[in-house]
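Q: From first to last, the protein sequence lines stand for chains V and P.
Position one of the first sequence corresponds to residue 266 (the numbering used here), numbered consecutively onward.
Position one of the second sequence corresponds to residue 417 (the numbering used here), numbered consecutively onward.
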Amino acid sequence: MKTKISIIIILIFLPWLIQAEFSIQTEYRYIRNINRQANLDLIADNLNHANRTADNYIDEENNYFIAHFFHELGNSYLILNKSEKALFYYLTQRVLFPNDSISSANHKIFLNTAYSCNLSDSLAKHFWEQTKKINLPTKDPDKLLLIIKMSIQLRSPELTAPIYRLGQKLKQSPINPPAWYKHWEFLTRIGYDEKGKMEILDFNSQNQSVFESVDDDSKNQIYRRAINYYINRDADRKARRLLDNYKKQQLSFWERVDFLIKSIRIKLP
Amino acid sequence: MNTIVLFLELLINSVDVMKSKISLKTIRPISRILFIFLIIFLFLDNFILAQDMAIYHRYKDDNLEIPDLPANMTLEEFQILSRNLRMADMAYSAIVPGYAHFKAKEPELGYRILGIRIAGYSGLTWSYLKLRDDDSVSDVFETIGKSGTYSTVFQASLAITLASYVYDWIHGRAILNKKKELIRYRYSIKQKIEKNLSRMNSNNFHTLLTFNYNF
Numbered sequence: 266m267k268t269k270i271s272i273i274i275i276l277i278f279l280p281w282l283i284q285a286e287f288s289i290q291t292e293y294r295y296i297r298n299i300n301r302q303a304n305l306d307l308i309a310d311n312l313n314h315a316n317r318t319a320d321n322y323i324d325e326e327n328n329y330f331i332a333h334f335f336h337e338l339g340n341s342y343l344i345l346n347k348s349e350k351a352l353f354y355y356l357t358q359r360v361l362f363p364n365d366s367i368s369s370a371n372h373k374i375f376l377n378t379a380y381s382c383n384l385s386d387s388l389a390k391h392f393w394e395q396t397k398k399i400n401l402p403t404k405d406p407d408k409l410l411l412i413i414k415m416s417i418q419l420r421s422p423e424l425t426a427p428i429y430r431l432g433q434k435l436k437q438s439p440i441n442p443p444a445w446y447k448h449w450e451f452l453t454r455i456g457y458d459e460k461g462k463m464e465i466l467d468f469n470s471q472n473q474s475v476f477e478s479v480d481d482d483s484k485n486q487i488y489r490r491a492i493n494y495y496i497n498r499d500a501d502r503k504a505r506r507l508l509d510n511y512k513k514q515q516l517s518f519w520e521r522v523d524f525l526i527k528s529i530r531i532k533l534p
Numbered sequence: 417m418n419t420i421v422l423f424l425e426l427l428i429n430s431v432d433v434m435k436s437k438i439s440l441k442t443i444r445p446i447s448r449i450l451f452i453f454l455i456i457f458l459f460l461d462n463f464i465l466a467q468d469m470a471i472y473h474r475y476k477d478d479n480l481e482i483p484d485l486p487a488n489m490t491l492e493e494f495q496i497l498s499r500n501l502r503m504a505d506m507a508y509s510a511i512v513p514g515y516a517h518f519k520a521k522e523p524e525l526g527y528r529i530l531g532i533r534i535a536g537y538s539g540l541t542w543s544y545l546k547l548r549d550d551d552s553v554s555d556v557f558e559t560i561g562k563s564g565t566y567s568t569v570f571q572a573s574l575a576i577t578l579a580s581y582v583y584d585w586i587h588g589r590a591i592l593n594k595k596k597e598l599i600r601y602r603y604s605i606k607q608k609i610e611k612n613l614s615r616m617n618s619n620n621f622h623t624l625l626t627f628n629y630n631f
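#1: Check each residue of the segment 578-596 of chain P: if its Cβ is closer than 9 Å to any Cβ of chain V, include it; give the result in chain order.
#2: Could you spell out the range, first to last residue, of the alpha helix (DSSP H) harbouring P/GLY536?
#3: Please give the ranges of any beta strand (DSSP E) in the segment 336-380 of chain V, keeping only runs that are unbroken, at least 3 residues long and fully inside the region.
#4: May I ask you to list, following chain order, the residues of the segment 284-309 of chain V that have a beta carbon less than 8 Å from some beta carbon of chain P?
#5: In or out: V/GLU349 buried (at least 16 other Cβ within 10 Å) or exposed?
#6: Compute the distance between the beta-carbons of V/ASP501 and V/ILE531, then report whether it is under 8 Å.
#7: Please specify which runs of the alpha helix (DSSP H), each continuous and at least 4 residues long, are wholly inside the segment 406-446 of chain V, giving them in chain order.
#8: Indicate whether at least one CB of chain P lies closer than 8 Å to the CB of V/ASN340.
#9: Just the C-alpha distance for V/ASN371 and P/ASP584, rounded to the nearest angstrom, thanks.
#10: Alpha carbon to alpha carbon, how far is P/VAL512 from P/ARG589? Give it in angstroms, no decimals.
#11: In whole angstroms, what is the alpha-carbon distance linking V/PHE392 and V/PHE476?
#12: Under 8 Å, with one C-beta from each stretch per pair, do the segment 368-388 of chain V and the segment 310-323 of chain V reach the 3-pair mark?
#13: Can you pull the chain P neighbours of V/ASN311, defined as C-beta to C-beta under 7 Å?
#14: Using a Cβ cut-off of 8 Å (strictly closer), state whether V/HIS314 contacts chain P.
#15: Quick one, are the C-beta atoms of V/LEU411 and V/GLN395 less than 8 Å apart?
#16: Which one of V/CYS382, V/SER421 and V/SER474 has the shortest CA to CA distance from V/PRO443?
#17: Would you mind reading off the limits of the alpha helix (DSSP H) that contains P/ASN488?
#18: Which bits of chain V does P/ILE605 rub up against, with CB to CB less than 8 Å?
#19: Does V/THR396 come out as helix, strand or coil in the three-state DSSP assignment?
#20: Taking C-alpha atoms, which residue in P/ALA507, P/ILE599, P/GLN607 and P/TYR475 lies nearest to P/GLU492?
#21: Look at the alpha carbon of P/THR568 and the alpha carbon of P/ALA516, and state the distance between them as a whole number of angstroms.
#22: Can P/SER573 and P/GLY536 be called in contact, C-beta distance under 8 Å?
#23: Give the single residue among V/ASN340, V/ASP405, V/SER416 and V/ILE413 whose Cα lies nearest to the Cα of V/PRO439.
#24: Whole angstroms is fine: what's the gap from V/TRP281's alpha carbon to P/LYS608's?
#25: In chain V, which residues lie with their C-beta within 7 Å of the C-beta of P/ILE609?
#26: Please check if any C-beta of chain V sits within less than 8 Å of the C-beta of P/ASN369.
#27: Are the C-beta of P/LEU525 and some C-beta of chain V separated by less than 8 Å?
#28: Thinking C-alpha only, which one of P/ILE496, P/ALA507 and P/LEU530 is nearest P/LYS519?
#29: Helix or strand or just coil, what does DSSP make of P/ASN617?
#30: Mind checking if P/LEU491 is an interface residue toward chain V, Cβ cutoff 8 Å exclusive?
#31: Taking beta-carbon pairs under 7 Å, can you tell me which members of the segment 493-505 of chain P lie near chain V?
#32: Quick one: is P/LEU613 near chain V, going by C-beta distance under 8 Å?
#33: Alpha carbon to alpha carbon, how far is P/TYR629 from V/ASP320?
#34: Measure the Cβ-Cβ separation of V/GLY432 and V/GLU450 and say whether it is below 8 Å.
#35: Determine the closest residue to V/GLU286 out of V/TYR322, V/ALA309, V/ASN346 and V/ILE308, with distance taken between C-alpha atoms.
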């Protein structure tokens, strides 16, 4: 009787036994799968991971899967009826990861999403034209600035965090961010919402300080918020310097009362 | 000493009852209660063991087990997956309003239930005190089903309290299960896709060493 004994030793663990971050290909296939199901719970559950994936891949070179992933992420938000975020990801895909097949098939979807964000017809079409492959800037920092500028115009509080993250990427590049972006960042930090910021922001401003590029009413309001911001963070020296500048402005009766309260708050331990 | 006597009496009575020598009614009341508890314990031990009382010996400490998690799993997902709502949590939920929802990571709903339950308790206390001071009412609980302002408030508050408890338990459990399903679905599909991609990318070649011995 013949008996055969075989011993098989696996020398190298098979790659799929090692659990690591999922690849962009996996993320794209999964998000496409759940978007087709249109199950709101399933899509909402995946957003947290999908956003992190988008942040991780935003610096990467353009390829088929990244472009389609960003487009599907926009579709996810559109299914969840969050038009501003959907448009933000459509814009990101069109500017950073242009893809002709996506572009040709989604002209109407892009415009309808823009209309859902309450953009005017001309502005929606302007966004589409500006993000066409032939009209895109050649340098990456300029592309980031284009997305940031368009996203700010959507005036959505949900976009503050993604815009801020794009701004951080912009700062890592060798270019000096333009004055309007610095103003936006400062206003965000001191607690302005997106609608308030859009009323103050001037995209053509060359002034380095936001106080120099706004009218007197807005200037006093910014001073008040900025002083509060620094007092709350115990940055008394900075708050005192702003308070001195605030004192030099034309103040109404109530603004003088507010000035007095702020002066006392700084002196308190 | 009394306890030992009682226990012995219980055992003897149990055997006698099982042999049908004596009727349950002839046993002393205290012994009868203990006997009923013994019977319940014997019949329900499986449920108890399956639930929260670990009366068997444990050979390992579950707290020291390090789970093999996907690298990108968040703490919140891990907490949801490792949490269960069991029978003991039903009691906790009765004491801490919104407990099931807090455990299912739904703090907003949990705080709403907490508020509703506080309103229920307040209504119960207020109407109870008013009814107790009413000379025409001999027993507060007898007013249930009768008309009258305080009685209506009492009944409504009782209904709110009980409904919020039942809602907390059933809805909290449903939410936790749903969240677990979504997380498991997401990771299992992604792992399956990743596995297939790795297999495709590696062209089905894997390094192996094989020994064959024929005799």
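All C-beta atoms in this analysis are idealised placements derived from N, C-alpha and C, irrespective of residue type, glycine included.
Please read these numbers as outputs of a predicted model, since none were measured by experiment.
A: On the basis of the data shown:
#1: LYS594 and LYS595
#2: 523-549 is the span of the alpha helix (DSSP H), which, as asked, contains P/GLY536.
#3: none
#4: GLN284, ALA285, GLU286, PHE287, SER288, GLN290, THR291, GLU292, ARG294, TYR295, ASN298, ASP306 and LEU307
#5: So V/GLU349 ends up on the buried side.
#6: yes
#7: List check, alpha helix (DSSP H) in window: 425-437.
#8: no
#9: 45 Å
#10: 15 Å
#11: 30 Å
#12: no
#13: ARG602
#14: yes
#15: yes
#16: V/SER474
#17: It is not in any alpha helix (DSSP H) - P/ASN488 carries neither H nor E in the DSSP assignment.
#18: TYR295 and ASN298
#19: coil
#20: Measuring C-alpha to C-alpha distances from P/GLU492 to each of P/ALA507, P/ILE599, P/GLN607 and P/TYR475 identifies P/ILE599 as the nearest.
#21: 29 Å
#22: yes
#23: V/ASP405
#24: Confidence is the limiting factor: at V/TRP281 the pLDDT is only 43, short of 50, which leaves the residue's position unreliable, though a coordinate-based value still follows. When rounded, the distance between both Cα atoms is 9 Å.
#25: THR291, ARG294 and TYR295
#26: The shown model of chain P, from 417 to 631, leaves out residue 369 of chain P, and the question about it has no answer.
#27: no
#28: P/ILE496
#29: helix
#30: No - not a single Cβ of chain V is within 8 Å of the one on P/LEU491.
#31: none
#32: yes
#33: 54 Å
#34: yes
#35: V/TYR322
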